[in-house]
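Participant: I am attaching a structure below and will ask some questions about it afterwards.
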Amino acid sequence: MARATSRNARIGWTVAAWLVALLIFFPILYTIVTSLKTEQEAIAGFDLIPSFTLESYATVQSQNNYWRPFTNSVILSVGSTLLALIVAIPAAWAMAFSPTKRTRDILMWMLSTKMMPAVAVLVPIYLIFLRTGLMDTRIGLTILLMLINLPIVVWMLYTYFREIPGEILEAARMDGATLRDEILYVLTPMAIPGIASTLLLNIILAWNEAFWTIQLTTTNAAPLSAFIASFSSPQGLFWAKLSAASVMAIAPILVLGWFSQKQLVRGLTFGAVK
Amino acid sequence: MIMTLRALLGATALCATAGIAAAQDNVTLTIATVNNGDMIRMQGLTSEFTAANPGITVEWVTLEENILRQNVTTDIANQGGQYDIMTIGTYEVPIWAKQGWLVPLDFGADYAVDDLIPAVRDALSVDGKLYAAPFYAESAMVMYRTDLAQAAGVTIPDSPTWTDIMTAAKAMTDKSREQYGICLRGKPGWGENMAFLTAMANSYGARWFDTDWKPQFDSAEWKATLTDYLAMMNEYGPPGASSNGFNENLALFQQGRCGIWIDATVAASFVTDPEDSTVADKVGFAQFPNKDGVDNHGNWLWAWSLAIPASSDAPDAAKTFIAWATSKGYTELVASKEGWRAAPPGTRTSLYENADYRKEAPFAEMTLTAINSANTQKASVQDIPYTGGQFVAIPEFQGIGTAVGQQFSAALAGQMSADDALAGAQGTTLREMTRAGYVK
Chain A
292 MARATSRNAR
302 IGWTVAAWLV
312 ALLIFFPILY
322 TIVTSLKTEQ
332 EAIAGFDLIP
342 SFTLESYATV
352 QSQNNYWRPF
362 TNSVILSVGS
372 TLLALIVAIP
382 AAWAMAFSPT
392 KRTRDILMWM
402 LSTKMMPAVA
412 VLVPIYLIFL
422 RTGLMDTRIG
432 LTILLMLINL
442 PIVVWMLYTY
452 FREIPGEILE
462 AARMDGATLR
472 DEILYVLTPM
482 AIPGIASTLL
492 LNIILAWNEA
502 FWTIQLTTTN
512 AAPLSAFIAS
522 FSSPQGLFWA
532 KLSAASVMAI
542 APILVLGWFS
552 QKQLVRGLTF
562 GAVK
Chain B
26 MIMTLRALLG
36 ATALCATAGI
46 AAAQDNVTLT
56 IATVNNGDMI
66 RMQGLTSEFT
76 AANPGITVEW
86 VTLEENILRQ
96 NVTTDIANQG
106 GQYDIMTIGT
116 YEVPIWAKQG
126 WLVPLDFGAD
136 YAVDDLIPAV
146 RDALSVDGKL
156 YAAPFYAESA
166 MVMYRTDLAQ
176 AAGVTIPDSP
186 TWTDIMTAAK
196 AMTDKSREQY
206 GICLRGKPGW
216 GENMAFLTAM
226 ANSYGARWFD
236 TDWKPQFDSA
246 EWKATLTDYL
256 AMMNEYGPPG
266 ASSNGFNENL
276 ALFQQGRCGI
286 WIDATVAASF
296 VTDPEDSTVA
306 DKVGFAQFPN
316 KDGVDNHGNW
326 LWAWSLAIPA
336 SSDAPDAAKT
346 FIAWATSKGY
356 TELVASKEGW
366 RAAPPGTRTS
376 LYENADYRKE
386 APFAEMTLTA
396 INSANTQKAS
406 VQDIPYTGGQ
416 FVAIPEFQGI
426 GTAVGQQFSA
436 ALAGQMSADD
446 ALAGAQGTTL
456 REMTRAGYVK
């Protein structure tokens with residue numbers, strides 16, 4: 292009897308989990324479905340069966356060359372993430388293993404910078420970019436995206452590093468490891484799941500950033516966020532084309548997420564259960 | 026043969042225009058624009074321009090309208106110099122020109138500046154100087170289903186009153202068949218529901234401000250405007266109308282759900298296009314309505330226009346491009362490639378004198394009538410201190426217009442009464458205008 296109840300409960304939870312997952316995934320699914328409709332079908336109302344036309348994809352590609360923004364998106368997201376890790380790993384190590392009485396305050400201050408609306412600092416950052424010649428450059432945007440996501444990267448790495456026993460590092464030191472060896476050969480390999488999930492999450496955040504990447508670019512450094520923004524029309528029907536552009540923009544990151552989901556989940560739940 | 030001859034003439038005109046830029050060498054023009062059909066067509070024809078101007082390369086930045094407005098405003102206010110040509114409207118041009126942000130446009134005789142429709146030219150000029158060249162222009166008019174009107178036994182005159190519209194909307198409504206008598210904008214925004222409601226208020230004799238810049242939402246004219254608008258939409262309009270803007274109403278009309286749609290004249294080419302519209306051959310047109318006894322048809326006028334920011338480092342090449350894109354030759358080029366229906370409307374008198382265009386565009390005459398009757402220098406029958414037709418041409422209007430639009434949209438959604446919405450609009454506008462220093 293107990294076994295039957297437990298089995299029923301398990302089925303119930305599984306169904307509930309599938310429903311929630313479907314609910315969360317539904318907007319993406321509907322975007323994909325809409326991208327395979329004609330504009331007339333797209334506006335005709337709710338319908339999950341498209342005519343499977345690829346005309347919107349063809350129009351999108353003929354209007355805007357997809358590959359330039361795609362390349363920019365890859366460079367900006369991967370570049371800013373690697374740069375952030377280079378800065379954040381030593382910072383998180385110092386905070387996790389050599390904390391001072393101000394460490395907590397510094398962490399909170401770093402996090403607080405994420406609470407400010409981006410538009411509040413638009414003009415100063417715009418002027419800095421203008422005066423330093425960084426406007427519409429990949430290097431400028433890479434640095435900016437690195438700085439924007441740095442607080443989250445430091446926080447995540449700090450949380451992972453805290454889970455690693457300090458005694459292991461002490462033992463390495465007693466064996467004659469230098470600080471560089473300690474970080475590179477002891478700490479980093481042990482924190483690989485955490486670093487990997489931080490890396491993936493940061494790539495996703497940088498890929499999807501759509502305020503600065505549109506404000507500070509025109510043609511040379513414009514990534515896929517700007518590509519999507521170009522398909523909304525104030526006077527004309529555009530839902531199918533916009534959906535096609537969105538699918539083309541999110542497809543690479545969806546594929547990356549799909550293949551790395553094991554690593555992502557492992558990293559995100561690292562240290563969650565003791 | 027005639028088509029070929031026209032194409033050759035067009036090409037000759039374009040070459041003459043392009044000759045100005047013969048001396049330009051290796052200039053890259055960055056052009057910011059919106060994703061409207063006419064703009065996309067222009068992008069597709071860019072190779073014709075660059076072939077005639079080998080020293081000039083064109084880079085397009087296409088953005089969503091609000092993002093475009095935010096981007097170009099940031100750029101121009103900070104002298105960013107990211108763009109050489111900006112696509113802006115009749116709202117921005119007078120404000121930015123007065124700030125010294127735009128380069129005045131002096132074209133040669135071959136451009137035929139006198140061919141520009143006077144109302145459009147005036148709306149893009151400050152102190153007699155043209156600061157942006159119109160790419161396409163629009164006013165507002167009534168589009169209605171001739172078959173439904175006939176079946177319901179009503180006629181809509183060429184110059185209807187609001188009483189005519191309400192009578193026809195009532196007769197054409199059959200909610201059991203999802204057939205709604207009237208579709209109007211309800212989505213909040215200064216360029217969405219407030220564009221329509223400001224024009225409607227003009228036609229009711231209302232005004233945004235008196236000569237001392239005091240808001241007038243407590244006037245009888247505004248109350249009549251909002252009350253009639255809500256009554257029409259609640260009784261004869263589609264469900265969820267508070268979310269409907271231009272595109273949503275376009276979709277509804279094309280699917281045969283609306284009896285009457287009052288909106289921008291540019292919509293006429295969409296609803297009569299048999300490829301997209303299920304009612305293409307059943308659409309009639311009439312002038313924007315007025316209230317009985319008020320000689321005012323809304324004064325709606327908008328022109329998507331090309332302007333050169335003062336920060337551009339290639340103003341001569343930019344001017345060459347604008348002269349090409351807004352010339353008579355460009356219109357002929359479009360016609361030779363895609364037919365006269367595709368010609369950008371509303372900017373040049375000669376287009377409306379062209380028999381081929383009038384034949385292919387049944388809405389041509391009413392569009393011209395609507396544009397010609399729009400007076401943006403004095404939009405209300407009462408005395409006013411501002412210019413602009415379906416908007417007030419002051420920098421603060423974007424914020425104020427959207428805030429008021431939210432109040433009116435909430436009233437349409439049934440969240441508040443007309444009186445509360447008007448009181449809220451009056452309070453918000455008075456506060457912002459006092460803060461901005463208009464009201465002492």
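Chains A and B, in that order, are what the protein sequence lines are. Heads up, the first sequence is in the numbering used here, so the first residue is 292 and it goes up one at a time. Heads up, the second sequence is in the numbering used here, so the first residue is 26 and it goes up one at a time. We treat Cβ as the ideally placed atom computed from N, Cα and C, and that holds for glycine. Source: prediction; values computed, not measured.
(1) Does DSSP classify A311/B as helix, strand or coil?
(2) Is the beta carbon of P240/B sitting closer than 8 Å to the one on L447/B?
(3) Considering only their Cβ atoms, is the gap separating I334/A from W530/A smaller than 8 Å?
(4) At 3 residues or longer, what runs of the beta strand (DSSP E) sit wholly inside the stretch 187–218 of chain B?
(5) In the DSSP assignment, find the alpha helix (DSSP H) that holds Y417/A and state where it starts and stops.
(6) Closer than 7 Å by beta-carbon distance: list the chain B residues that pair up with T510/A, in chain order.
(7) Count the other CB atoms within 10 Å of the CB of M257/B; is the residue buried (16 or more) or exposed (fewer)?
(8) Buried or exposed: which applies to T180/B, given that a residue is buried once 16 or more other Cβ atoms fall within 10 Å of its Cβ?
(9) Taking a contact to mean a Cβ-Cβ separation below 8 Å, would you say M426/A touches G105/B in this structure?
(10) May I ask which residues mark the beginning and end of the alpha helix (DSSP H) holding W121/B?
(11) Which stretch, first to last residue, makes up the alpha helix (DSSP H) that contains W498/A?
(12) Cβ closer than 9 Å: which chain B residues qualify as neighbours of I544/A?
(13) Kindly identify the DSSP beta-bridge partner or partners of D288/B.
(14) List the residues of chain B whose Cβ lies closer than 8 Å to the Cβ of M426/A, in chain order.
(15) List, in chain order, every chain A residue whose beta-carbon is nearer than 9 Å to that of L275/B.
(16) Do N78/B and S228/B count as a contact pair if the criterion is CB distance below 8 Å?
(17) From what residue to what residue does the beta strand (DSSP E) around L130/B run?
(18) Whose CA, out of D445/B, I92/B, E457/B, lies closest to the CA of P614/A?
(19) Which chain B residues are close to S574/A, counting only those with a beta carbon under 7 Å from its beta carbon?
(20) If you run the structure through DSSP and keep just helix, strand and coil, what is T372/B?
(21) Is T99/B close to chain A, meaning its C-beta is less than 8 Å from at least one C-beta of that chain?
(22) Using 8 Å as the limit for Cβ to Cβ distance, is N272/B near chain A?
(23) Under 8 Å Cβ-Cβ, which residues of chain B neighbour I505/A?
(24) With contact counted as at least three CB pairs below 8 Å, one residue from each stretch, are the stretch 171–189 of chain B and the stretch 148–159 of chain B in contact?
(25) Which complete alpha helix (DSSP H) runs does the stretch 243–284 of chain B hold, if anything under 4 residues is left out?
(26) What do you get for A48/B, buried or exposed, if any count of 16 or more other CB atoms within 10 angstroms of its CB means buried?
(27) Check whether chain B comes within 8 Å of Q352/A, counting only Cβ atoms and requiring the distance to be less than that.
(28) Can you name, in chain order, every residue of its own chain whose Cβ lies under 8 Å from the Cβ of W549/A, other than the five neighbours on each side?
(29) Using a C-beta cutoff of 8 Å, does Y357/A count as contacting chain B?
(30) Closer than 8 Å by C-beta to V351/A: which residues in its own chain qualify, once you throw out the five before and the five after it? Chain order, please.
(31) Flag this pair as yes or no: are the beta carbons of S330/B and P159/B separated by less than 8 Å?
(32) Pick out the complete beta strand (DSSP E) segments inside the stretch 50–96 of chain B, 3 residues or longer, and give them in chain order.
(33) Mind checking the stretch 384–415 of chain A against chain B and listing, in chain order, the residues whose C-beta falls within less than 8 Å of any C-beta there?
(34) For the alpha helix (DSSP H) containing S523/A, list its first residue and its last residue.
(35) Taking only beta-carbon positions, decide if T280/B is within less than 8 Å of chain A.
(36) Need the endpoints of the beta strand (DSSP E) that W327/B sits in, please.
Facilitator: Put simply:
(1) Translated into positions along the second sequence, residue 311/B becomes position 286. It is a strand residue.
(2) As a first step, residue 240/B is located in the second sequence; it is residue number 215 there, counting from the start. As a first step, residue 447/B is located in the second sequence; it is residue number 422 there, counting from the start. It is not a contact, given that the beta carbons lie outside the stated cut-off.
(3) Counted from its first residue, the first sequence places residue 530/A at position 239. Counted from its first residue, the first sequence places residue 334/A at position 43. In this structure, I334/A lies closer than 8 Å to W530/A by Cβ.
(4) 205–208
(5) Along the first sequence, one-based indexing puts residue 417/A at 126. First-last of the alpha helix (DSSP H) with Y417/A: 413–422.
(6) If you number the first sequence from 1, residue 510/A lands on position 219. Here the neighbours are T55, E84, V86.
(7) Within the second sequence, residue 257/B is the residue found at index 232, counting from 1. Classification for M257/B: buried.
(8) Taking the second sequence and counting its residues from 1, one reaches residue 180/B at position 155. Result: exposed.
(9) In the first sequence, counting from the first residue as 1, residue 426/A sits at position 135. In the second sequence, counting from the first residue as 1, residue 105/B sits at position 80. In contact: M426/A and G105/B (Cβ atoms closer than 8 Å).
(10) Translated into the one-based positions of the second sequence, residue 121/B becomes position 96. Counting along the chain, the alpha helix (DSSP H) containing W121/B begins and ends at 117–123.
(11) As a first step, residue 498/A is located in the first sequence; it is residue number 207 there, counting from the start. Run containing W498/A: 483–499, per the alpha helix (DSSP H) assignment.
(12) The residue you call residue 544/A lines up with position 253 of the first sequence. Result: empty, since nearest Cβ-Cβ is about 21 Å, beyond 9 Å.
(13) Locating residue 288/B in the second sequence gives position 263, where the first residue counts as 1. Answer is M166/B, bridged to D288/B.
(14) Taking the first sequence and counting its residues from 1, the one referred to as residue 426/A is at position 135. Ordered by position in chain B, the residues that pass the 8 Å Cβ test against M426/A are G105, Q107.
(15) Taking the first residue of the second sequence as position 1, residue 275/B is located at position 250. The answer, in chain order, is I334, Q526, G527, L528.
(16) Stepping through the second sequence from its first residue, residue 228/B is reached at position 203. Stepping through the second sequence from its first residue, residue 78/B is reached at position 53. No; because the gap between Cβ atoms is not below 8 Å, this pair is not in contact.
(17) Mapped onto the second sequence, residue 130/B falls at position 105. Taken as a continuous stretch (DSSP letters only), L130/B belongs to no beta strand (DSSP E), as it is neither H nor E.
(18) No answer is possible for residue 614/A: the residues shown for chain A start at 292 and end at 565.
(19) Past the edges of chain A, shown from 292 to 565, lies residue 574/A, and the structure says nothing about it.
(20) For the purposes of this step, residue 372/B is identified with residue 347 of the second sequence, where counting begins at 1. Coil.
(21) Along the second sequence, read from residue 1 onward, the residue named residue 99/B stands at position 74. Closer than 8 Å: yes.
(22) Start at 1 with the first residue of the second sequence, and residue 272/B comes out as number 247. Taking Cβ atoms only, chain A reaches closer than 8 Å to N272/B, which makes this a yes.
(23) In the first sequence, residue 505/A corresponds to position 214, counting from 1. What I505/A touches in chain B: L88, I92, N96.
(24) When C-beta atoms of the stretch 171–189 of chain B are compared with those of the stretch 148–159 of chain B, fewer than three pairs fall below 8 Å, so the two segments do not count as touching.
(25) 245–261, 271–279
(26) Translated into the one-based positions of the second sequence, residue 48/B becomes position 23. Residue confidence is low: A48/B scores 45 on pLDDT, short of 50, so the model does not pin down where it sits. Its coordinate-derived value is still stated next. The residue is exposed, with fewer than 16 neighbouring Cβ atoms inside 10 Å.
(27) As a first step, residue 352/A must be located in the first sequence, where it is residue number 61. Not closer than 8 Å to any Cβ of chain B, the Cβ of Q352/A fails to qualify, so no.
(28) Residue numbering aside, residue 549/A sits at position 258 when the first sequence is read from its first letter. Answer for W549/A: no residue qualifies.
(29) Here residue 357/A is taken as the residue at index 66 of the first sequence, counted from 1. For Y357/A, the answer is no, since every Cβ of chain B falls outside 8 Å of its Cβ.
(30) On the first sequence, position 60 is the one that residue 351/A refers to. So the qualifying residues of the chain are Y357, F522, K532, A535, A536, M539.
(31) Position 305 of the second sequence, counted from the first residue, corresponds to residue 330/B. Position 134 of the second sequence, counted from the first residue, corresponds to residue 159/B. The answer is yes: Cβ separation under 8 Å.
(32) Secondary structure within the stretch 50–96 of chain B: the beta strand (DSSP E) runs of 3 or more consecutive residues, fully enclosed, are 52–58, 81–87 (chain order).
(33) Under the 8 Å Cβ criterion, the stretch 384–415 of chain A contributes L413, V414.
(34) The count along the first sequence starts at 1 and reaches residue 523/A at position 232. Premise fails: S523/A is in no alpha helix (DSSP H) and is neither H nor E.
(35) Taking the first residue of the second sequence as position 1, residue 280/B is located at position 255. Here residue 280/B turns out to be Gln, not Thr, going by the sequence shown. Yes, Q280/B counts as interfacial toward chain A.
(36) Along the second sequence, read from residue 1 onward, the residue named residue 327/B stands at position 302. In the DSSP assignment, W327/B falls within the beta strand (DSSP E) that extends over 327–332.
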